[in-house]
Amino acid sequence: MILIRGGRVKDLPGVRYHTVRGALDCAGVSSRRQSRSKYGAKRPKS
1 MILIRGGRVK DLPGVRYHTV RGALDCAGVS SRRQSRSKYG AKRPKS
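The numbering of the sequence shown is our numbering, which starts it at 1 and goes up by one.
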C-alpha cells in the first residue's frame with residue numbers, strides 16, 4: 001500500500017497523481033541531496 005497525493009504532470013496525459021516517497025510502504029531515495037523532502041530523504045550528516 002502506498003500514499004498518493006494529487007498533482008498532475010502537464011507533459012503526460014492522464015497522469016494526475018504522485019506517490020509520496022518515504023511514507024507507508026514506498027521507500028525514500030537515500031542518495032538524494034537536493035529536493036530531499038519530495039523524495040523522503042533524511043538530511044545527510046555532513
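Glycine included, every Cβ here is placed at the ideal spot set by N, Cα and C.
Those residues which DSSP pairs with residue i across a bridge
i, result
"Gly-14", "BP columns for Gly-14 are empty, so no partner."
"Ile-4", "Thr-19"
8 Å CB neighbourhood of residue i in its chain, flanking five on each side removed
i, result
"Ile-4", "Tyr-17, His-18, Thr-19 and Val-20"
"Lys-28", "It is Gly, not Lys, that sits at residue 28 in the sequence shown. Within the same chain, Gly-28 has close Cβ partners Arg-21, Gly-22, Tyr-39, Gly-40, Ala-41 and Lys-42."
"Gly-6", "Arg-16, Tyr-17 and His-18"
Closest by C-alpha distance to residue i, when choosing among the options
i, options, result
"Arg-33", "Cys-26, Lys-45 and Lys-10", "Lys-45"
"Cys-26", "Gly-40, Gly-7 and Arg-8", "Gly-40"
"Met-1", "Ser-35, Ser-31 and Leu-24", "Leu-24"
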